[in-house]
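One structure is given below, encoded as structure tokens.
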Amino acid sequence: MSGFIQVIKVRCKENSRPPRTRSSKKKSSRNAPLQDHNTGSASSGSQEDPGRIRELEGLLREAQDRLRATEVRLGERGDAVHGSPTRRNESRVPAPSRLSDITMEEIRTQLGYDKKRWNALRACIRDCLSAARLDWNHNWKSQSTTKRGYAYNAVEDDFPELRRFEGQWAVNHIAKNVWDNRKTYINCIDNPSTYFGRRAAQRHLDDGVGGTGSRRASSPTPAPSVRNITPPPQESPTRSSSAGPSQLRPQLRRRARAPSSSSSSSSDDEDDLLEFDDDQDPDSAGQEGEREEGEANENSGTGTKRAKSSGGSSSKRQKH
206 MSGFIQVIKV RCKENSRPPR TRSSKKKSSR NAPLQDHNTG SASSGSQEDP
256 GRIRELEGLL REAQDRLRAT EVRLGERGDA VHGSPTRRNE SRVPAPSRLS
306 DITMEEIRTQ LGYDKKRWNA LRACIRDCLS AARLDWNHNW KSQSTTKRGY
356 AYNAVEDDFP ELRRFEGQWA VNHIAKNVWD NRKTYINCID NPSTYFGRRA
406 AQRHLDDGVG GTGSRRASSP TPAPSVRNIT PPPQESPTRS SSAGPSQLRP
456 QLRRRARAPS SSSSSSSDDE DDLLEFDDDQ DPDSAGQEGE REEGEANENS
506 GTGTKRAKSS GGSSSKRQKH
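Throughout the sequence shown, residue numbering follows my numbering, covering 206 to 525 in sequence.
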């Protein structure tokens, strides 16, 4: 019982303490720094603060170094993906205050391009502007910025060195220069009073593209083919003047007659068979046949004369 009574007394003492209010908390917080400055523990804590600060500063420097190393690795990885050499933020070229003062030669020098590479860049920009469906009949300011952005991204894919210029100001400046030159050429090409118009007209005359008449007049005559070439006529006594140069008439030949003693009565031997020779004409063959007949008649005539003369001489001898 005595122990139970003591416990009750202790609880009563605890309950007898006044409750702490907000004002009491504020007073305690206000009085706390004064108590810390006056106590010895507070003086020992103030001596440890500079070391803690130096430790925290060292940790902060290490974190900053790790952050810089991470940024460098990310930049290298991005450059490797886009196919360009490693460039830090310091190598980027900011946009100038007056873009009109920048010449094409300065941009070419910053890119380090030779003449061939520079012309390839300008040709790529011209093709990308056409592929983006920009209207060549309007001025540069009236073109869609979205289409121009698509064209710039395509150009930077082929020429990654342009990414070092912030805000794509370099490719925009080159594209505007290409646009102006193209518009000037289109406006002058149909005007014969300009230099480009005179050159185009002269080129059309030289190429024969001015019209159908000039094209036909300037077209060369086709050379004769080998199949159409006919050989020159060769002089031959057997060719006829009326026949063509490559046509030959066959020649008539008369076969030799059988002896008159054995074939005078047969009708088959009396008919002369004719042979055709490819090297002779029928007209000349007929002339030769007539000559042979004439010679045969002459021979027969002389034979009859001789026979008559011999018959007359024999009759005279019998009379004598």
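Glycine included, every Cβ here is placed at the ideal spot set by N, Cα and C.
Predicted, not measured: the structure shown is a model, and the values here were computed from it.
{"query": "In angstroms with no decimal places, state the Cα-to-Cα distance between residue 383 and residue 371.", "result": "20 Å"}
{"query": "To the nearest angstrom, report how far apart residue 310 and residue 323 are at their CA atoms.", "result": "10 Å"}
{"query": "For residue 339, collect the residues of the same chain with a Cβ closer than 7 Å to its Cβ; drop the 5 residues on either side in sequence, then sort them by chain order.", "result": "348 and 352"}
{"query": "Give me the residue from 255, 390, 334 and 376 with the minimum Cα distance to residue 315.", "result": "376"}
{"query": "Which value, in whole angstroms, describes the spacing of the CA atoms of residue 298 and residue 392?", "result": "35 Å"}
{"query": "Alpha carbon to alpha carbon, what distance is there between residue 277 and residue 335?", "result": "38 Å"}
{"query": "Could you name the residues that DSSP lists as bridge partners for residue 298?", "result": "370"}
{"query": "State the DSSP-derived secondary structure class of residue 344, mapped to helix, strand or coil.", "result": "coil"}
{"query": "Start and end of the alpha helix (DSSP H) containing residue 335?", "result": "320-336"}
{"query": "For residue 402, which three-state DSSP category applies?", "result": "helix"}
{"query": "Thinking C-beta only, is residue 394 closer than 7 Å to residue 405?", "result": "yes"}
{"query": "May I ask you to report which of helix, strand or coil DSSP gives residue 280?", "result": "helix"}
{"query": "Does residue 274 pass the burial test, meaning 16 or more other C-beta atoms within 10 Å, or should it be called exposed?", "result": "exposed"}
{"query": "Quick one: is residue 357 buried, meaning 16 or more other Cβ sit within 10 Å of its Cβ, or exposed?", "result": "buried"}
{"query": "Which same chain residues end up closer than 6 Å to residue 260 when comparing Cβ atoms and leaving out the 5 residues on each side of it in sequence?", "result": "none"}
{"query": "Could you give the residue range of the alpha helix (DSSP H) that holds residue 351?", "result": "350-363"}
{"query": "Start and end of the alpha helix (DSSP H) containing residue 308?", "result": "Premise fails: residue 308 is in no alpha helix (DSSP H) and is neither H nor E."}
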